[in-house]
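S.K.:
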Amino acid sequence: MDCTDIKALLSGLVDDEVPVETRHDAERHLAGCDACRGILDEAETLNHLVARDAEAMMPDGLSPEFIGAVMGRTVFANRGRTTAGGWVNWLGWLAAAAALGLAASLWFSDRAPAPRGNGDVVINTPVPVPNQVQTATYLKSTVDEGAIVGGDEATAVADASNANESDDITAAALRSASSVTRGDAETFDAVALVLEMLDGGEQLSESRLAEIRQIASYDELLPRLAAARQRLAPLDRVSAGAAEAVLVQILYGPAEAPELQELRDAVRESDMADLLRGLSDRWYSIQAM
1 MDCTDIKALL SGLVDDEVPV ETRHDAERHL AGCDACRGIL DEAETLNHLV ARDAEAMMPD
61 GLSPEFIGAV MGRTVFANRG RTTAGGWVNW LGWLAAAAAL GLAASLWFSD RAPAPRGNGD
121 VVINTPVPVP NQVQTATYLK STVDEGAIVG GDEATAVADA SNANESDDIT AAALRSASSV
181 TRGDAETFDA VALVLEMLDG GEQLSESRLA EIRQIASYDE LLPRLAAARQ RLAPLDRVSA
241 GAAEAVLVQI LYGPAEAPEL QELRDAVRES DMADLLRGLS DRWYSIQAM
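Using our numbering, the first residue of the sequence shown is number 1, and each one after it goes up by one.
1) Within 8 Å, do at least three Cβ pairs link the region 185-205 to the region 251-267?
2) Where does the unbroken alpha helix (DSSP H) through Q261 begin, and where does it stop?
3) Can you give the beta carbon distance from L260 to S217, rounded, assuming they're within the 8 Å contact cut?
4) Please name the residue in A240, E211, A288 whose C-alpha comes closest to that of R224.
5) Hey, could you find the ends of the alpha helix (DSSP H) P19 is sitting in?
6) If distances are taken between C-alpha atoms only, which option among E42, C33, R28, E21 comes closest to S11?
7) Mind checking Q287: buried by the 16 CB within 10 Å criterion, or exposed?
8) Since L279 contacts D236 with CB under 8 Å, what's their CB separation in whole angstroms?
9) Using only the alpha-carbon positions, how far apart do L247 and A8 sit?
10) Between the Cα of P254 and the Cα atoms of Y284, G183, A210, which residue gives the shortest distance?
11) If distances are taken between C-alpha atoms only, which option among V18, D15, T181 comes closest to Y284?
12) A228: which of R208, E186, G200, I39 sits nearest, CA to CA?
13) How would you label D15, buried or exposed, when you count the other beta carbons within 10 angstroms and need 16 or more for buried?
14) If the criterion is Cβ atoms closer than 7 Å, does the pair A257 and V191 meet it?
15) If you draw a straight line from the C-alpha of E27 to the C-alpha of E65, how long is it?
If you want it as C-alpha cells, here you go:
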C-alpha cells in the first residue's frame, strides 16, 4: 500500500469503514510515512470538529430514535460498505444537523400555543407580479419582419407615458415600483441620443446610419436597454420596449430608404427620444429628493 492508496481510503479510515486487513495494511504504511500520517490526523481532527459543531446545533428534546433515524439517512448512510474513496463526510454531518433543526422547529412550532390578541388573523397575501404581456405584445406589434410599425401603436407609447406623468406618485412609491440604477439612467440617455441622431435632419444618409450603428454596437445599447427594462415599473417598460425594437431595426434591419423613413416616422410620432430621456431625468430627480 502506498500514499495514493491512503488518500483513496482516507474517508474510510477516518470513519472506520474499511475491512480489518485493509486497515492493518494502512497502519503499516502510516507507521513509516509522516506525510500520510499528517494527512490522516488532519482529516480526523476536521471530522471531529464538524461532528461537534453539528451536535451543538441539534436542539434538546428529540428522542434518540429520531436522531438515529436522521443520522442513518445522512451521516451514516454508507455504514457497512467498503469505502473506496472520497473525503470525510462532513457534508453529511451538516445535512443531519440542518434536518434535525428543521424537524425540531416544525415540531416545537406545532406545540407552541396560538398567540392571543384581539382575534384578528393576519394573512400575508403575495404581491401580484406585474403583467409583462403588454411589453411583449407591443414589441411583437412593432417588429414585423425587421420593420417598425408606426401609427396607433407608436402613439400608444406617448399616451402611456403622459398618463404616467399625470399620476400623483410620491418618490417613495416610485422607488418601490422600480429598482433602476444610475447605469440604467445613463443607458436611457445614450439611447435617447441615438434616437435623436436617427430623427435629425431631412434625410438619413448611409454614412449617418453607419455612425449610428457603430455607436449603438460599441456602447452595447441593446443588451443594456434590455436589462434596464426589466428593472422599470410595468408602465415604463412599454417605452423601453419600443426603443429596443428600434435598436434591433437599426442594428440588424435593412438599410433601404422606405424602411428607414418608416422607422424615423415611428420614432418622431411617439416622441420616443423624449420618453427615454424622461425616464433618466425622473431617476435623477428622485435621487435629489
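C-beta: ideal position from N, C-alpha, C; glycine also.
M.R.: Taking the definition as stated:
1) Contact between the region 251-267 and the region 185-205 is present, with at least three C-beta pairs closer than 8 Å.
2) First-last of the alpha helix (DSSP H) with Q261: 257-269.
3) The beta carbons of L260 and S217 sit about 17 Å from each other, so the pair does not count as a contact at 8 Å.
4) For R224, the nearest C-alpha among the options comes from A240.
5) Where P19 is concerned, there is no enclosing alpha helix (DSSP H), given that its DSSP letter is neither H nor E.
6) Comparing Cα-Cα distances from S11 to each of E42, C33, R28, E21, the minimum goes to E42.
7) By the neighbour-count rule (16 or more Cβ atoms within 10 Å), Q287 is not buried but exposed.
8) Their Cβ separation, rounded to whole angstroms, is 6 Å, which keeps L279 and D236 in contact under 8 Å.
9) About 57 Å.
10) For the residues Y284, G183, A210, the minimum Cα distance to P254 belongs to A210.
11) Of the candidates V18, D15, T181, the one whose C-alpha sits nearest the C-alpha of Y284 is T181.
12) Nearest of R208, E186, G200, I39 to A228, Cα basis: E186.
13) Classification for D15: buried.
14) No; because the gap between Cβ atoms is not below 7 Å, this pair is not in contact.
15) For E27 and E65, the distance between alpha carbons rounds to 35 Å.
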